[in-house]
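Chains A and B are the protein sequences, given in the same order. For what it's worth, the numbering used here labels the leading residue of the first sequence as 3, then goes sequentially. For what it's worth, the numbering used here labels the leading residue of the second sequence as 375, then goes sequentially.
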Amino acid sequence: MNFTKELVDDFALKLLIGLREEENQMVLDEFEEIEHHMDLICQIPNISSVEPMTHPPVLFDETLREDDFVEEMPVEDVLCNAAHKNLSSVIVPKVVKE
Amino acid sequence: MNYIPTIGIEMHCEMKSHTKVFSRARNTYSEEANIHVSPVDIGLPGILPVLNKECVRKAIKAACILNCTIPKYLYFDRKNYYYPDLPKGYQITQSHDPIGQNGKILVPFQDGDFEVLIHDIHLEEDSAQLEHIGRYSYINYNRSGVPLLELVTEPCFHSKEEVIAFLEYIRRVYQYADISLADATKGQIRCDVNISLSKDDTLGTKVEVKNVNSFANVGAVIDSEIERQLHLITCGRAEEIEQETRRFDEESGETKRMRSKADAIDYKYFVEPNIPKIRIDEKMIDEIKKEIPVLPRERFLKYTKDYGLTKVDAQTILKEKAISDYFDSWIDAGIEPLEACNWIIGPILGYLNKEGMKISDFEFSIADFQFVLEKLHDGTISSKQAKEIVGKMLTEHASPKDLITHDFAQISDEEVLNQIISEIIERSSEQLEAYKNGRTNLFSYFVGQVMKETGGKANPIKTRDLLEKKLK
């Protein structure tokens, strides 16, 4: 699959994120790099049934965290990046139909 | 030809823990939004989830109770979708290898049990809470990252009643095993309901109704969906029943279409690489199994079969584990089960309900009740007096010993009792004649008169002895 400017714009539209020209080009450059690596992987024989490796250091006896409270964020910090807020809630345009 | 409904359930239940499943923010309900939040819960750059041991133990406990196969390794998957309630853009859940698989559980139903097959049970994080007001949606991240257990059954139910019995039973099991408070009023339980109709053993076209927030609504969804599908079949429009996702509209009591199978979201599941695989060893499972208390079904059988309690009384005691444990402590103290049941579901639960208290707040010792019961059994006090004494104990915090020796001091002096009895017989000539002519049930009349005369303080055993002699 070859990524094109139109394809990237189409995905960006579907993800509701909208990209500027320079951002579109940045994504295309990154995809080119990724495609290059994928092409290299495709040249390796007999790998169709190999599961992707998800946990390279296989240390299966990880210690689980105790159920202790440590600290929470002040509500002002939670809300500081929100474009719109009301009292202590983040507000977005309504996401359900009537 | 009759159509048979086949129903499968996905039950999501918030778990009980101090902190969230992947962060150290509090797992607690609050009216104020966004006060129990950590950077992990709102997906800030650079965050890493760290798994809560308590949640893992409780998920394994649930898997054991449901007789599931538990995998050797615990790991998670990412379920990717975009929505304002999911700040990371994915939910950490279990798709490939859930913590419990292929289980089954017996559920009490009507006069017996029925077996429910469990497809799987998995541990995951809850999303943030959305509230839709006017033109806006309000986001509260307090719920983001709260531990959730999702239980998925096989399509093994064939009636609304079976489904409700199952949900009620699992809720009680979670409460008994301390896995969840399972409080539906706080939105801690949500269900997805899968319904199909068919004429035989083959499954019909499945319709999924998502996010049903109460057991009553689960019942309404099943009724409404069966009616809708039957209507389409009888009108010759069966082809209009399609595999789709619907939602329940409480106002109309009907299900509404959300999306068809063709529009189904591709969640692009893949293994969550930020949480290491955890080995679940047999020793850990054995330890957890030891923490499982005797569950409601087993207690119900013991109470009804071994102790002779009625089903209604047994269910009353089983409503809460704390009450059931309290009942068991009376039995352990040597009190007869029927007597223990009568006192607990009568005066004690009545008092707790009136005062708005829980059994854990109940401060009276079993020894106090035992003392009253001993005095009742040896005839020192009547059953009416015993009830009054317990009533005073509860409301006035009075000592039963003081009450019995002072307020409820009995008249046992034979001379005094004989005098009272003679006076009663003298003014009851009609009743006396009828009694002597064979109306022996009038004996109770004379006992009642003595009790009335003495304000209930006459020793009941002595009263009966003396009356029998006098009436001969």
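Virtual Cβ for every residue (Gly too), placed ideally from N, Cα, C.
Exercise. Quick one, are the C-beta atoms of C442 (chain B) and V395 (chain B) less than 8 Å apart?
Worked result: no
For this session: Indicate the three-state DSSP secondary structure (helix, strand or coil) for G593 (chain B) in the structure shown.
Result: helix
Exercise. Does the separation of the CB atoms of I795 (chain B) and K844 (chain B) fall below 8 Å?
Worked result: yes
For this session: Could you pull the start and end residues of the beta strand (DSSP E) that F622 (chain B) belongs to?
Result: 618 to 623
Problem set entry | Bounding residues of the alpha helix (DSSP H) (the contiguous stretch that carries L30 (chain A)) | Residues 23 to 44.
Exercise. Which one or two residues does DSSP pair with K87 (chain A) in a beta bridge?
Worked result: A:V92
Exercise. Using a C-beta to C-beta distance shorter than 9 Å, which residues of chain A count as neighbours of K427 (chain B)?
Worked result: Per Cβ cutoff of 9 Å: T65, L66, R67, E68, D69.
Exercise. Do K761 (chain B) and the ligand SAH come close, with the Cβ less than 7 Å from some heavy atom?
Worked result: Ligands in the displayed structure: none, and consequently the ligand SAH is not present.
Exercise. Relative to the C-alpha of V490 (chain B), which residue among B:L522, B:R517, B:P445, B:I544 is closest?
Worked result: Measuring from the Cα of V490 (chain B), the nearest candidate turns out to be B:I544.
Exercise. So which residues on chain A does N587 (chain B) lean against when the C-beta distance must stay under 8 Å?
Worked result: Per Cβ cutoff of 8 Å: no residues; N587 (chain B) is ~15 Å from chain A at best.
Exercise. Using 8 Å as the limit for Cβ to Cβ distance, is S703 (chain B) near chain A?
Worked result: no
For this session: Using a cut-off of 7 Å between C-beta atoms, extract the partners of Y515 (chain B) located in chain A.
Result: For Y515 (chain B), the residues of chain A that pass the 7 Å Cβ criterion are V80, in the order they occur in the chain.
For this session: Would you kindly check if the distance between the Cβ of N408 (chain B) and the Cβ of V98 (chain A) is under 8 Å?
Result: no
Problem set entry | Whole-angstrom distance between E499 (chain B) and I659 (chain B), CA atom to CA atom | Rounded to whole angstroms, I659 (chain B) and E499 (chain B) show a C-alpha spacing of 22 Å.
Exercise. Can you tell me whether S51 (chain A) is buried or exposed, with buried defined as 16 or more other CB within 10 angstroms of its CB?
Worked result: exposed
Exercise. By DSSP, does C429 (chain B) sit in helix, in strand, or in coil?
Worked result: helix
For this session: Over the uninterrupted alpha helix (DSSP H) stretch that includes D459 (chain B), give me the two end residues.
Result: First-last for D459 (chain B): undefined, no H or E at that position.
For this session: For N408 (chain B), decide whether its Cβ has a neighbour in chain A, counting only Cβ atoms nearer than 8 Å.
Result: yes
Problem set entry | Whole-angstrom distance between N811 (chain B) and E804 (chain B), CA atom to CA atom | Going by the C-alpha atoms only, they are around 11 Å apart.
Problem set entry | Under the three-state DSSP convention, the category T690 (chain B) falls into | helix
Problem set entry | Segment contact, 8 Å Cβ cut-off, at least three pairs: the stretch 414 to 429 of chain B with the stretch 458 to 474 of chain B | yes
Exercise. So which residues on chain A does I662 (chain B) lean against when the C-beta distance must stay under 7 Å?
Worked result: Contact of I662 (chain B) with chain A by beta-carbon distance below 7 Å is absent, the smallest such distance being about 13 Å.
For this session: To the nearest angstrom, report how far apart F540 (chain B) and V481 (chain B) are at their CA atoms.
Result: 6 Å
Exercise. Counting only beta-carbon atoms, is R545 (chain B) nearer than 8 Å to chain A?
Worked result: no
Exercise. What's the gap between the Cα of C82 (chain A) and the Cα of S518 (chain B)?
Worked result: Looking at the backbone, the Cα of C82 (chain A) and that of S518 (chain B) are separated by about 18 Å.
For this session: Classify Y464 (chain B) as helix, strand or coil using the three-state DSSP reduction.
Result: Looking at Y464 (chain B) - three-state DSSP - the assignment turns out to be strand.
Exercise. Can we say the stretch 547 to 566 of chain B touches the stretch 601 to 616 of chain B, given the rule of at least three CB pairs closer than 8 Å?
Worked result: With the cut-off at 8 Å, the stretch 547 to 566 of chain B and the stretch 601 to 616 of chain B do not touch.
Exercise. What in chain A is Cβ-close to N416 (chain B), meaning under 7 Å?
Worked result: The question names Asn, but residue 416 (chain B) in the sequence shown is Ile. Chain A residues near I416 (chain B): V80.
Problem set entry | Proximity winner among B:L440, B:E505, B:K453, B:R398, relative to E405 (chain B) (alpha-carbon distances) | B:E505
Problem set entry | Selection of the stretch 36 to 54 of chain A by Cβ proximity to chain B, strictly under 7 Å | none
Exercise. Three or more beta-carbon pairs under 8 Å between the stretch 434 to 450 of chain B and the stretch 470 to 478 of chain B, yes or no?
Worked result: yes
For this session: Taking C-beta pairs closer than 7 Å, name the residues in chain B that K96 (chain A) reaches, listed in chain order.
Result: H506, R509, Y510, S511
Exercise. What is the C-beta distance between I569 (chain B) and T527 (chain B), in whole angstroms, given that I count them as a contact (C-beta under 8 Å)?
Worked result: That pair is no contact at about 13 Å.
Exercise. On the three-pair Cβ rule with 8 Å, is the stretch 37 to 57 of chain A touching the stretch 383 to 390 of chain B?
Worked result: No, the stretch 37 to 57 of chain A does not touch the stretch 383 to 390 of chain B.
Exercise. So, helix, strand or coil for L504 (chain B), using DSSP?
Worked result: strand
Problem set entry | Buried or exposed (CB count within 10 angstroms, at least 16 for buried), R813 (chain B) | With fewer than 16 Cβ atoms within 10 Å of its Cβ, R813 (chain B) is classed as exposed.
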